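What follows is a single structure, written as structure tokens, with notes after it.
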Amino acid sequence: MNLQLLAIGEVDHALIEELRAGIGPVFRVPCETLTPGLAVDFALHPERRQYHSSEILARMQQRLSPQCWRLLGVTGLDLYIPILTFVFGEAQLGGRCALVSTHRLRQEFYGLPRDPECLRERLLKEAVHELGHTLELTHCDDYDCAMSASHSVEWIDLKTSQLCQICRARIMANSGNKAR
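Residue numbers for the sequence shown follow my numbering, so the first one is 9 and each next one is one higher.
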């Protein structure tokens, strides 16, 4: 069983490869990048100039294979769900698909100089966070834990890309997955 990464729209291949190298060890599963990626014109909502993340997750379901442990979509597009202005990502709670966006993780979005290392760190943290939701984890009160809420990039910057002991124990109790 593999953790599979899928480019959603145009995404920097090097960034996905860096994420692949960083996230596999967190969950202790092999990680691979799928090709081709997924075109997302179907999820664009012109009135908001954003992409509906739930619609993308639904389409990602079609790319699941028996050897896929979890499927993580990675995009540079601005995502939203109807009840929020934006989301950094979305996941199927207890499902197999999750999605993360680099759009608002980039320093440039906030008028700051480009910082590739900051982007890589934020992307890894949010990828772990969204995959945690697929493992039935909810938001954690431990601000260091990757499962702490991500209301802004400042909150993302406070946490680590690791799961706390309580969240790891919950994963083991819920599903017996390889994450330890």
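Glycine included, each C-beta is placed from N, C-alpha and C at the ideal position.
Computed from a predicted model, the values in this text were never measured in an experiment.
Please classify residue i: is it buried, with 16 or more other beta-carbons within 10 angstroms of its beta-carbon, or exposed?
i, result
"Ala154", "buried"
"Arg130", "buried"
"Phe117", "exposed"
"Gly102", "exposed"
"Met68", "buried"
"Gln100", "buried"
"Ser73", "exposed"
"Gly97", "buried"
"Gly81", "buried"
With DSSP run on the structure shown, which of helix, strand or coil describes residue i?
i, result
"His53", "strand"
"Leu65", "helix"
"Thr43", "strand"
"Tyr88", "strand"
"Gln70", "helix"
"Ala187", "The predicted model places Ala187 with a pLDDT of 42, which falls under 50 and marks its position as unreliable, so this point remains unresolved."
"Met155", "coil"
Strictly by DSSP, which residues pair up with residue i?
i, result
"Gln58", "His53"
"Gln100", "For Gln100, which the question treats as bridged, DSSP gives no partner whatsoever."
"Cys76", "Asn10"
"Gly81", "Leu14, Leu107"
"Val95", "Leu87"
Strictly under 9 Å for the Cβ-Cβ distance: is residue i near chain D by that measure?
i, result
"Leu113", "Protein chain content of the structure displayed is limited to a single chain, and chain D is not contained in it."
Since residue i and residue j are thought to touch, with beta carbons under 8 Å apart, how far apart are those beta carbons, to the nearest angstrom?
i, j, result
"Leu14", "Arg78", "Not really, about 11 Å apart at Cβ, beyond 8 Å."
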